Amino acid sequence: MRWRDLLALALWGVGCASAFAEEEKAFLFSPISEAPEWRLLENYQGTITQAQFEEKLKRIYDPTGALRKYLQMDEGGVELFRDVAKTEPLFRLRWARPDAKPVSPTGAFFLPDPQRPLLGRVICLDPGHIGGDWADVEERTFRIGRDRPVVEGELNLKTCRRLAERLTNAGAKVVWTHDGFAPTTNLRPADLYPEAIQYFLQDPVSRRQAGYSMNNLIRWNAELLFYRSAEIQARARRVNEELHPDFTLCLHYNAAPWGRAGRASLTSVSRLVVFTHGSYTASELVYDDQKFHLLRKLLENSSGEEVDLAAAVAKEFKEKWGFRAEDYSGSGYASPSGVSPYVWHRNLIANRLFSGPVVFVEGPYMNDRMTYGWIQAGEYEGTRLIGGKERQNIFQEYADRVAEGLIERFRSLPGRSSAFTNYSP
Ligand SMILES: [Zn+2]
Numbered sequence: 279m280r281w282r283d284l285l286a287l288a289l290w291g292v293g294c295a296s297a298f299a300e301e302e303k304a305f306l307f308s309p310i311s312e313a314p315e316w317r318l319l320e321n322y323q324g325t326i327t328q329a330q331f332e333e334k335l336k337r338i339y340d341p342t343g344a345l346r347k348y349l350q351m352d353e354g355g356v357e358l359f360r361d362v363a364k365t366e367p368l369f370r371l372r373w374a375r376p377d378a379k380p381v382s383p384t385g386a387f388f389l390p391d392p393q394r395p396l397l398g399r400v401i402c403l404d405p406g407h408i409g410g411d412w413a414d415v416e417e418r419t420f421r422i423g424r425d426r427p428v429v430e431g432e433l434n435l436k437t438c439r440r441l442a443e444r445l446t447n448a449g450a451k452v453v454w455t456h457d458g459f460a461p462t463t464n465l466r467p468a469d470l471y472p473e474a475i476q477y478f479l480q481d482p483v484s485r486r487q488a489g490y491s492m493n494n495l496i497r498w499n500a501e502l503l504f505y506r507s508a509e510i511q512a513r514a515r516r517v518n519e520e521l522h523p524d525f526t527l528c529l530h531y532n533a534a535p536w537g538r539a540g541r542a543s544l545t546s547v548s549r550l551v552v553f554t555h556g557s558y559t560a561s562e563l564v565y566d567d568q569k570f571h572l573l574r575k576l577l578e579n580s581s582g583e584e585v586d587l588a589a590a591v592a593k594e595f596k597e598k599w600g601f602r603a604e605d606y607s608g609s610g611y612a613s614p615s616g617v618s619p620y621v622w623h624r625n626l627i628a629n630r631l632f633s634g635p636v637v638f639v640e641g642p643y644m645n646d647r648m649t650y651g652w653i654q655a656g657e658y659e660g661t662r663l664i665g666g667k668e669r670q671n672i673f674q675e676y677a678d679r680v681a682e683g684l685i686e687r688f689r690s691l692p693g694r695s696s697a698f699t700n701y702s703p
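Residue 657 in the working numbering sits at position 379 of the sequence shown; the count goes up by one each step and never skips.
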């Protein structure tokens with residue numbers, strides 16, 4: 279694991295429950311996150327029964343039961359508290375009556391057109407990372423010898439452009455969180471030094487990393503806050519306030535853990551995973567904003583649609599590519615969806631902050647030998663023999679896997695617009 283990843287874990291608490299004490303009053307929001315607007319949840323009053331609420335927590339959002347310590351349920355509703363002593367209430371949700379009819383759907387109900395099964399759908403593409411001049415700062419690039427550098431942000435964008443073409447041909451309207459190599463946020467790392475310094479001042483002893491100067495740690499933190507937190511927040515504002523898609527696809531290429539001291543080296547393994555939202559950890563749920571987003575996503579009711587879409591893409595991955603599924607058993611930060619071994623619930627910044635269903639697709643490992651050669655071969659026409667098989671260029675194949683999964687899913691189902699009730703209260 280690289281030092282930057284260690285720092286990221288410390289910052290975001292991903293898979294690193296010991297990074298924070300469970301009760302840390304001084305720091306109730308994730309770094310530079312926006313303060314929760316609890317009033318936004320008022321529209322959901324009386325829309326869910328206690329049984330439905332508890333079932334969703336257990337199955338999707340809180341499989342370890344970490345949120346329970348902050349909840350007090352009674353027959354009228356549930357009170358969410360900031361603290362486990364339950365002295366500082368944040369929000370109270372009233373139950374729907376057990377015999378209440380489900381909330382009437384607000385989304386249109388589509389019958390698929392067999393020629394253009396995505397007709398009427400607005401699909402948002404979110405190519406992962408920024409790339410371009412920011413690829414080094416993001417640490418999403420590597421180079422082996424004199425080969426062409428592999429820059430994940432560029433691979434994601436190339437794939438998404440081909441995917442957009444397929445989806446548009448199938449009738450969808452495609453919108454983008456960003457389409458190019460410029461950041462969506464107006465902030466830059468230099469703007470985020472105060473937040474980076476503040477973070478260290480809160481706990482300077484444990485947040486130091488041996489062997490790194492304080493100056494460097496603060497700079498790296500400011501960069502992390504820029505490309506992860508500020509950038510994704512800016513994209514989320516675009517999705518939630520301007521684009522209002524039916525669903526969003528975050529598209530990435532993955533990488534196997536790097537070998538010695540973070541030096542680029544190739545492996546011979548590739549696995550695939552599709553993330554849907556859920557599986558909050560105890561260390562995340564210390565924060566008010568994480569509790570807020572858990573409730574918001576749960577009440578928004580987009581999980582069913584997310585899982586359906588993810589499973590359709592996963593089916594294509596399995597049938598056409600056959601790479602094995604990623605296995606996060608015992609990771610503590612991802613839990614199985616139960617619908618496909620490729621689909622896992624995980625709380626990521628993008629699928630937490632974007633409203634509506636979000637399918638987060640991780641493509642093949644860029645540092646797998648076969649995939650690496652496939653990437654190096656570029657955007658060739660027709661097919662070539664790659665890894666013992668005639669294959670189209672990797673961008674086209676990845677785009678086709680995702681597009682065909684989605685198209686097939688809408689061809690065979692009239693859609694679940696009715697399940698996804700209202701994501702912009
Ligand atoms: Zn990525």
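A virtual CB, placed ideally from N, CA and C, is assigned to each residue, including glycine.
No experiment lies behind these values; they were computed from the predicted model shown.
Remark: the shortest separation between the CB of Glu430 and any heavy atom of ligand 1 falls under 7 Å.
Ranked by how close their Cα comes to the Cα of Asn671, the residues Ala677, Asp481, Tyr658 and Ile627 have Tyr658 in first place. Taking a contact as a CB-CB distance under 8 Å, the pair Val362 and Phe331 does not count as one, their CB atoms being some 19 Å apart.
Secondary structure in the region 362–444: the beta strand (DSSP E) runs of 3 residues or longer, each lying completely within the stretch, are 367–372 and 400–405 in chain order. Looking at the backbone, the Cα of Ser580 and that of Met648 are separated by about 36 Å. Counting only unbroken stretches of 4 or more residues, the alpha helix (DSSP H) elements lying wholly within the region 553–592 are 566–578, in sequence order.
With distances taken between CA atoms, Lys336 lies nearest to Leu572 out of Glu594, Leu572 and Gln476.
DSSP places Asn518 within a helical segment (H, G or I) once states are collapsed to three.
Here DSSP, grouped into helix, strand and coil, assigns Asp605 to coil. Contact between the region 609–629 and the region 586–597 is present: three or more C-beta pairs spanning the two stretches fall below 8 Å. A contact between stretches requires three or more CB pairs, one per stretch, nearer than 8 Å, and the region 473–490 fails this requirement with the region 362–371.
The Cβ atoms of Ala413 and Tyr558 lie no closer than 8 Å to each other. Contact between Pro642 and Leu550 is confirmed by a C-beta separation of about 7 Å, below the 8 Å threshold. Distances from the CA of Ala592 to each of Arg687, Arg372, Ala442 and Trp316 were compared; the closest alpha carbon is that of Arg687.
Under a 10 Å Cβ-count criterion, Lys667 is classified as exposed, with fewer than 16 other Cβ atoms of the shown protein chains found around its own Cβ.
Contact between the region 674–684 and the region 438–447 is present: 3 or more CB-CB pairs across the two stretches fall below 8 Å. Under DSSP, Leu550 forms a beta bridge with Ala603. At a threshold of 7 Å, Gly406 counts as near ligand 1, since its beta carbon sits closer than that to one of the ligand's heavy atoms. Per DSSP, Ala533 has no beta-bridge partner at all. Residue pairing by DSSP places Asp646 opposite Thr545 in a beta bridge. Of all alpha-carbon atoms in Gly665, Ala374 and Val517, the one lying nearest the alpha-carbon of Thr325 is that of Ala374. Shown here for Gly409: same chain residues with a beta carbon closer than 6 Å to its own, the five before and five after excluded, namely Val429, Gly431, Glu432 and Phe459 in chain order.
Ranking Ala474, Gln480, Phe601 and Phe504 by CA distance to the CA of Pro467 puts Phe504 first. The region 653–686 is shown to contain no whole alpha helix (DSSP H) run of 4 or more residues.
DSSP places Arg486 outside both helix and strand once states are collapsed to three, so it counts as coil.
The region 444–454 makes no contact with the region 492–511; the number of CB pairs closer than 8 Å stays below 3.
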